[in-house]
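Notes follow the structure.
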Amino acid sequence: MLEIRGLTASIGEKPILKGIDLVVPDGEVHAIMGPNGSGKSTLGYVLSGRDDYTVTGGSVTFNGIDLLDMEPEARAAAGVFLAFQAPIELPGVNNANFLRTALNAIRRAHGESELDAIQFLKLARAETKRLAMPDDMLKRNVNVGFSGGEKKRNEVLQMALLRPKLAILDETDSGLDIDALKIVADGVNALRSPTFSALVVTHHQRLLDHLVPNRVHVLAHGRIIRSGGPELAKELEKSGYADVLAAAA
Amino acid sequence: MSVVTQTGAAGFLARYEALKDRLPGDAAVRAAAAESFRVAGLPGGTSARRIEAWKYTSLRPVAEAVFQGSASAAGAMAALPKMNAPRLVFVDGKLQAHLSDMVPGFKSFADQAVFGGLARPDRDPLVALNTMLADDGACLRVPAGVDAGVIQIVSIGTGTAAFHPRHVLKLEAGSTLVVLETAIGEGNYLHNPVTEISIGSGAHLTHVRLQDEAAAAFHLSTIYAEIADGGTYDGFSLVLGGRVTRTEIHVRLMGPKAAAHMNGAQLLSGAQHADFTSVVRHDAPHCNSRQTVKNVLGGKSRGVFQGRIEVARQAQKTDGYQMNQALLLSPDAEIDSKPELEIFADDVKCSHGATVGELDAEQLFYLRSRGVPDSEARALLVRAFLVEALDLVTNETIRSILEQRVDAWWERQAA
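Chains A and B, in that order, are what the protein sequence lines are.
If you're matching positions, the first sequence starts at 3 in the working numbering and goes up one per residue.
If you're matching positions, the second sequence starts at 693 in the working numbering and goes up one per residue.
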């Protein structure tokens, strides 16, 4: 379970998160919506440990451990996964080698044996097939020359292989066509279990048609200003954020 | 009896005076070289004279070092790369017959001391020093049309020896040769080799150099190559070791459609100083030259890249490319990069570029967010930076030897 209490964070001197309270119980998918610049991406980065952000207050515990105290790799080993809004290109790093290095690092952290290249490829090919990704995506350099949709699918592939306990999807649906959107949603749905939870940052109801959330939260100006059931997303899709923002002001 | 130890240029000249009657080859060539060396001295050493070619590298540490003698080579021998190819082993510049294999077309410089006309003692003080004192080396001749396979030339330096091997590689028309040169050792020695290379019409030389000298050693190597029409010099230098080092390569493209590749990578840490200097001269039309040199610099190390492309008036349709990149792993590391183009032909394609950067914070975070520990993530990104250069080594066995050395270097840094 993810428990965020009074979280504040800034970049440089500028406060971005101004007191976030959010609980995501095991097995639940929560959607985060909100206007641009409200702090949605910052929340994902802070949870995964990017050091450009300074946490100035509050706490984040994940299955009882203090997440904010941990290095990014330790958070990943504990089961936190951030699907990047703009996945990073790694020229000179082969995608299969990258995925295997990551998977083996996490397996090592769990005291499991590492996979050799053949064992890994077998596993990876099964996942790429399920995600309708061409095989050559494993041979190419990480995200280099990938289309927007391929980059997003590559994030979902990483998630499928690393099997996190908490997935944070930062606008993974943006730039995807309907088929790709469904593949991404299916990828997350396949992981759904009583020990998996997800925070899905999105602008669109579309994704939530396929990936039905337990709760929807509206983030604005660094705070959660409204929470509700799946119907809240439909309401926002219809009337925009203006009414919600006005009501909260 | 007391022995006065002389250092610097005076020490080398005294050594020449003591040995000159016993050194092989043309005494007049040596005497002229000694005179050149006496005038030039060690760049940055004792003389205050500034030489443009040595703008960024001072040999003062070499001038101040005491070079006295050899020690055991046994320890360093164990560190040789394992490779199934005949090898010629030199310890402190002297051929070790009992450690070496039979290589067709091979003569030692001690037995066949012929100074070629490529290296210029009158222009380069280190060539002068070498010419003055060279007493052994590898002379390899590949007859026309022959594929001579892979040959290893190994140098092991020991103790406080100073040695100046003279190598000659001669490929006749249509022949092929792959040379892996490995330089290793233990001690504070000076390794100052000069290699003269001539590549005949349509011949192909792959020349890979692994410079992994002892941390306190000096390595100052100079290569002169001439390439006839349709011939190829495919050179790669991996520079890992040594305290003050220089890799200097002069290539002259003499006939149409000759090609020269002068690639390399330098990985430095601590207070290491490594200078990669190259001059490629296009003297014929339709030739191409390619150069990718990558530097990975940690600690307080300093990398130097000087690359010059000269295109003569008659060398139309020249295609020249040069790229120098540096990755700084520490705020105290430094790179000096000086690319130069001198073009007298009017129908040429020449480009060059240089970049300097640090490890990308976003890339590092991306890897760590996937569970890859910080040091492993850095190693992966450094390897990725080097891939473009290392991939230019086409012989897979040799490339994998270099990759293992790069990994071992990284492990030494992390330890």
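Note that the Cβ used here is the ideal one computed from N, Cα and C, for glycine as well.
Review point. PHE1077/B touches chain A at which residues, Cβ-Cβ below 7 Å?
Key: Residue numbering aside, residue 1077/B sits at position 385 when the second sequence is read from its first letter. Result: GLY94.
Exercise for review: May I ask you to verify whether the stretch 866-873 of chain B touches the stretch 888-903 of chain B, counting CB pairs closer than 8 Å and requiring at least 3?
Suggested key: yes
Practice item. Name, in chain order, the residues that DSSP records as bridge partners for VAL25/A. Key: Taking the first residue of the first sequence as 1, we reach residue 25/A at position 23. DSSP output for VAL25/A lists GLU5/A as bridge partner(s).
Point to revise | Beta-carbon separation (whole angstroms), GLU888/B vs TYR916/B, contact threshold 8 Å | key: Taking the second sequence and counting its residues from 1, one reaches residue 888/B at position 196. Taking the second sequence and counting its residues from 1, one reaches residue 916/B at position 224. Confirmed, about 5 Å.
Check your understanding: Over what stretch of residues does the alpha helix (DSSP H) that includes ASN987/B continue unbroken?
Key -> Translated into positions along the second sequence, residue 987/B becomes position 295. Counting along the chain, ASN987/B falls outside any alpha helix (DSSP H), though it belongs to the beta strand (DSSP E) covering 980-989.
Practice item. Write down every uninterrupted run of the beta strand (DSSP E) in the stretch 895-943 of chain B whose length is 3 residues or greater and which is fully enclosed by it, in chain order. Key: Whole beta strand (DSSP E) segments, 3+ residues: 896-903, 910-919 and 924-931.
Point to revise | Cβ pair ILE743/B, ALA732/B closer than 9 Å | key: Residue 743/B sits at position 51 when you count from the first residue of the second sequence. Residue 732/B sits at position 40 when you count from the first residue of the second sequence. Yes, these two residues count as a Cβ contact at 9 Å.
Review point. Span of the beta strand (DSSP E) holding SER800/B?
Key: The count along the second sequence starts at 1 and reaches residue 800/B at position 108. That run of the beta strand (DSSP E) goes 798-800.
**Study point:** Range covered by the beta strand (DSSP E) that runs through ASP839/B
**Key:** Within the second sequence, numbered from 1, the residue matching residue 839/B stands at position 147. From DSSP, the beta strand (DSSP E) with ASP839/B extends over 839-851.
Practice item. Would you mind sorting GLN121/A into buried or exposed? The rule is 16 or more other CB atoms within 10 Å of its CB. Key: One-based indexing of the first sequence puts residue 121/A at position 119. GLN121/A comes out exposed.
Check your understanding: When DSSP labels each residue in this structure, what does ALA763/B get in the three-state scheme?
Key -> Position 71 of the second sequence, counted from the start, is the residue given in the question as residue 763/B. ALA763/B: coil per DSSP, three-state reduction.
Check your understanding: If the cut is a Cβ gap below 7 Å, which residues of chain A does GLN1055/B touch?
Key -> Taking the second sequence and counting its residues from 1, one reaches residue 1055/B at position 363. By Cβ distance, chain A contributes ILE90 and LEU92.
**Study point:** Cutoff 7 Å; reference SER694/B; Cβ partners in own chain excluding five residues on either side
**Key:** Mapped onto the second sequence, residue 694/B falls at position 2. Any answer about SER694/B is weak, because its pLDDT of 47 lies below 50 and its placement is not dependable; what the coordinates show is given next. Sequence-distant Cβ neighbours of SER694/B in its own chain, meaning closer than 7 Å and more than five residues away, do not exist here.
Check your understanding: According to DSSP, is ALA1046/B helix, strand or coil?
Key -> Position 354 of the second sequence holds residue 1046/B. Strand at ALA1046/B.
**Study point:** Uninterrupted alpha helix (DSSP H) stretches inside the stretch 95-150 of chain A (no shorter than 4 residues)
**Key:** 97-111 and 119-132
Check your understanding: What are the boundary residues of the alpha helix (DSSP H) that MET824/B is part of?
Key -> Locating residue 824/B in the second sequence gives position 132, where the first residue counts as 1. Its alpha helix (DSSP H) spans residues 817-825.
Review point. Mind listing which residues of the stretch 37-54 of chain A have their C-beta closer than 9 Å to chain B's C-betas, in chain order?
Key: TYR47, SER50, GLY51, ARG52, ASP53 and ASP54
Practice item. For chain B, find out if any of its Cβ atoms is closer than 9 Å to the Cβ of PHE198/A; answer yes or no. Key: As a first step, residue 198/A is located in the first sequence; it is residue number 196 there, counting from the start. Closer than 9 Å: no.
Check your understanding: Going straight from the alpha carbon of LEU213/A to that of ASP28/A, what length do you get?
Key -> As a working mapping, residue 213/A is identified with position 211 in the first sequence. As a working mapping, residue 28/A is identified with position 26 in the first sequence. Each residue's alpha carbon lies about 16 Å from the other.
Review point. Nearest chain B C-beta to PHE122/A closer than 9 Å, yes or no?
Key: Here the question's residue 122/A lines up with position 120 in the first sequence. No, no contact with chain B.
Check your understanding: On the three-pair Cβ rule with 8 Å, is the stretch 761-781 of chain B touching the stretch 839-853 of chain B?
Key -> yes
**Study point:** Residue from ALA98/A, SER149/A and ARG109/A with nearest C-alpha to ARG127/A
**Key:** Walking along the first sequence from the start, residue 127/A turns up at place 125. For the residues ALA98/A, SER149/A and ARG109/A, the minimum Cα distance to ARG127/A belongs to ALA98/A.
Check your understanding: When the Cα atoms are used, what is the spatial distance from LYS992/B to GLY962/B?
Key -> Numbered from its first residue, the second sequence carries residue 992/B at position 300. Numbered from its first residue, the second sequence carries residue 962/B at position 270. Looking at the two C-alpha atoms, the distance is approximately 5 Å.
**Study point:** Under 7 Å from the C-beta of ALA104/A: neighbouring residues of chain B
**Key:** For the purposes of this step, residue 104/A is identified with residue 102 of the first sequence, where counting begins at 1. By Cβ distance, chain B contributes ARG1062, GLY1063 and VAL1064.
**Study point:** Expected contact under 8 Å - CB spacing of THR1188/B and VAL758/B to nearest Å
**Key:** Residue numbering for chain B in the displayed model covers 693 to 1107; residue 1188/B lies beyond these limits and cannot be assessed.
Review point. Within the 9 Å Cβ cut-off, does GLN160/A reach chain B?
Key: As a working note, residue 160/A is residue 158 in the first sequence. Chain B contact via Cβ: present.
Check your understanding: What separation, rounded to the nearest whole angstrom, lies between the Cα atoms of GLY761/B and GLY703/B?
Key -> Looking up residue 761/B in the second sequence gives position 69. Looking up residue 703/B in the second sequence gives position 11. Cα-Cα distance, rounded: 13 Å.
Review point. How should GLU157/A be labelled, buried or exposed, when 16 other C-beta atoms within 10 angstroms of its C-beta is the threshold for buried?
Key: The residue labelled residue 157/A in the question sits at position 155 within the first sequence. The C-beta of GLU157/A has 16 or more other C-beta atoms within 10 Å across all chains shown, which makes the residue buried.
**Study point:** C-beta atoms of GLY46/A and LEU201/A nearer than 9 Å
**Key:** Numbered from its first residue, the first sequence carries residue 46/A at position 44. Numbered from its first residue, the first sequence carries residue 201/A at position 199. Against a cut-off of 9 Å, the Cβ pair of LEU201/A and GLY46/A comes out as a contact.
Practice item. Could you spell out where the beta strand (DSSP E) holding GLY995/B opens and where it closes? Key: The residue you call residue 995/B lines up with position 303 of the second sequence. Here the beta strand (DSSP E) through GLY995/B covers 994-1003.
Point to revise | Buried versus exposed, by CB contacts within 10 Å (16 or more), THR1086/B | key: Translated into the one-based positions of the second sequence, residue 1086/B becomes position 394. Per the 10 Å Cβ criterion, exposed.
Check your understanding: In chain B, which residues lie less than 7 Å from ILE108/A when you measure between Cβ atoms?
Key -> Residue numbering aside, residue 108/A sits at position 106 when the first sequence is read from its first letter. Within 7 Å Cβ-Cβ: GLY1063.
Exercise for review: Go ahead and label GLU233/A buried or exposed: buried means 16 or more other beta carbons lie within 10 angstroms of its beta carbon, across all protein chains shown.
Suggested key: Position 231 of the first sequence, counting from 1, holds the residue named residue 233/A. Classification of GLU233/A: exposed, given that the 10 Å Cβ count is below 16.
**Study point:** Meets three-Cβ-pair contact criterion under 8 Å: the stretch 997-1010 of chain B and the stretch 1024-1043 of chain B
**Key:** Yes: at least three Cβ pairs fall under 8 Å.
Check your understanding: With 9 Å set as the bound, which would you pick, yes or no: does the beta-carbon of LEU989/B sit closer than that to a beta-carbon of chain A?
Key -> In the second sequence, residue 989/B corresponds to position 297, counting from 1. No Cβ of chain A is located within less than 9 Å of the beta carbon of LEU989/B.
Review point. Are the C-beta of LEU1073/B and some C-beta of chain A separated by less than 9 Å?
Key: Translated into the one-based positions of the second sequence, residue 1073/B becomes position 381. Cβ-Cβ to chain A under 9 Å: yes for LEU1073/B.
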